[in-house]
Amino acid sequence: MSTQHASAELTLGTTGIAKRPVDADESRAANRIWWDADADDYHAEHGDFLGAADFMWCPEGVREEDARLLGDVAGKLVLEVGCGSAPCARWLAAQGAHPVAFDISAGMLRHAAEANRETGIAVPLVQASADQLPFADGSFDAACSAFGAVPFVADSGVVMREVSRVLRPGAPWVFAVTHPIRWIFPDDPGPEGLTATQSYFDRTPYVEVDETGRATYVEHHRTMGDYVRQLAEAGLDLVDLLEPEWPEGHDREWGQWSPLRGRLFPGTAIFRTRKR
Numbered sequence: 035m036s037t038q039h040a041s042a043e044l045t046l047g048t049t050g051i052a053k054r055p056v057d058a059d060e061s062r063a064a065n066r067i068w069w070d071a072d073a074d075d076y077h078a079e080h081g082d083f084l085g086a087a088d089f090m091w092c093p094e095g096v097r098e099e100d101a102r103l104l105g106d107v108a109g110k111l112v113l114e115v116g117c118g119s120a121p122c123a124r125w126l127a128a129q130g131a132h133p134v135a136f137d138i139s140a141g142m143l144r145h146a147a148e149a150n151r152e153t154g155i156a157v158p159l160v161q162a163s164a165d166q167l168p169f170a171d172g173s174f175d176a177a178c179s180a181f182g183a184v185p186f187v188a189d190s191g192v193v194m195r196e197v198s199r200v201l202r203p204g205a206p207w208v209f210a211v212t213h214p215i216r217w218i219f220p221d222d223p224g225p226e227g228l229t230a231t232q233s234y235f236d237r238t239p240y241v242e243v244d245e246t247g248r249a250t251y252v253e254h255h256r257t258m259g260d261y262v263r264q265l266a267e268a269g270l271d272l273v274d275l276l277e278p279e280w281p282e283g284h285d286r287e288w289g290q291w292s293p294l295r296g297r298l299f300p301g302t303a304i305f306r307t308r309k310r
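Here my numbering is used: the first residue of the sequence shown is 35, the next is one more, and so on.
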């Protein structure tokens with residue numbers, strides 16, 4: 035548990051941590067209530083960094099405006115997976131794309147709707163889970179996710195197959211997740227976060243629970259190899275894998291991301307893929 039999320043933990047009655055298997059239904063339920071409870075604090079803490087209509091890939095500060103990982107998006111139908119308040123989708127709309135943004139959390143989508151009104155960029159918003167996409171086959175020209183949904187779904191292979199299903203042939207799917215190597219370290223931006231404490235190969239989910247054992251937050255770990263195999267099985271070719279370095283002069287901490295750790299090992303992995 036973290037002092038950064040004390041309000042959500044108090045609201046949900048979180049009392050401890052369990053390492054145990056979690057199925058798809060429990061993962062969906064836990065992360066829906068978690069992000070609903072944490073939405074206000076999350077945006078109070080990170081809203082300025084993320085912006086209302088900017089596309090920030092990761093805490094290291096990689097912007098799509100500079101990286102262009104999706105290529106030219108003008109005129110394209112783009113799906114944002116796990117959108118939060120949907121700043122990425124609004125940035126895409128400003129570039130001439132036709133984005134659709136979805137999230138499992140009504141609390142996050144409330145912030146997204148408010149930002150739509152404030153910016154005047156009316157991105158369509160949908161409440162859905164990334165492993166149960168409510169879209170027809172071949173609906174989109176591209177898909178993206180900046181730390182949305184993938185780590186919070188029980189089977190990310192299902193996410194890859196679902197995204198592949200709704201993409202047209204040749205369409206890019208680019209997603210950013212916590213770098214798998216971070217799993218072996220404590221979730222601490224300081225010196226204590228530099229000592230490995232668990233196995234990279236232990237895929238048992240991290241689960242926060244209330245006094246009854248109900249999951250109030252769930253996060254799943256996959257190795258690099260897991261992701262590569264899931265992509266291949268979903269008909270997605272890996273075009274590039276980015277491991278952003280911590281930029282000189284960037285001193286903003288975000289959870290476990292910090293200059294101290296960022297100088298030593300990667301915190302983010304960005305998978306750039308394309309549907310066959």
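In this text, a Cβ means the ideal position worked out from N, Cα and C, and glycines have one as well.
Round the Cβ separation of residue i and residue j to the nearest angstrom and send it over; I've been treating them as touching at under 8 Å.
i	j	result
Gly289	Arg295	No, Gly289 and Arg295 are not in contact; Cβ-Cβ is about 11 Å, not under 8 Å.
Pro396	Val96	Residue 396 lies beyond the stretch modelled for the chain, which goes from 35 to 310, so this question has no answer here.
Gln161	Asp137	7 Å
Asp70	Ser139	5 Å
Ile51	Val241	7 Å
Ser198	Ala268	4 Å
So who's on the other strand from residue i, going by DSSP bridges?
i	result
Val311	Only positions 35 to 310 of the chain appear in the structure, and residue 311 is not among them; the question remains open.
Gln232	DSSP, once it has assigned bridges, lists no residue as partnering Gln232.
Thr246	Thr246 is not bridged to any residue.
Arg306	Val208, Asp274
Would you tell me roughly how many angstroms separate the C-alpha atoms of residue i and residue j, rounded to the nearest one?
i	j	result
His77	Asn150	15 Å
Asp100	Ala128	15 Å
Val184	Arg216	16 Å
Val252	Trp291	19 Å
Asp175	Asp189	24 Å
His145	Leu159	11 Å
Arg286	Ala120	22 Å
Ser41	Gly204	43 Å
Thr45	Ala108	42 Å
Val115	Ala177	7 Å
Cys117	Ser233	30 Å
Leu228	Ser173	44 Å
Glu196	Thr246	33 Å
Leu298	Pro223	12 Å
Met142	Thr153	16 Å
Val56	Gly191	15 Å
Thr250	Asp59	13 Å
Taking residue i as part of the beta strand (DSSP E), name the residues at either end of that continuous run.
i	result
Val178	Sequence check: residue 178 is Cys here, not Val. Note, Cys178: beta strand (DSSP E), 176 to 180.
Pro225	Unbroken run through Pro225: none, as it is neither H nor E.
Val160	159 to 161
Gly50	48 to 53
Along the alpha helix (DSSP H) that carries residue i, what are the first and last residues, could you check?
i	result
Thr212	Thr212 -> not in any alpha helix (DSSP H); beta strand (DSSP E) instead, spanning 206 to 212.
Gly141	140 to 153
Arg359	This structure cannot settle anything about residue 359, because the visible part of the chain is limited to 35 through 310.
Do we get a CB-CB distance below 7 Å when we pair residue i with the residues of chain C?
i	result
Trp91	Note that chain C does not occur in the displayed structure, where there is just one protein chain.
Start-end ranges of the alpha helix (DSSP H) lying completely within the stretch 73 to 138, minimum 4 residues
98 to 101, 121 to 128
With a floor of 4 residues, list each alpha helix (DSSP H) that falls wholly inside the stretch 250 to 293, ordered by position along the chain.
258 to 267
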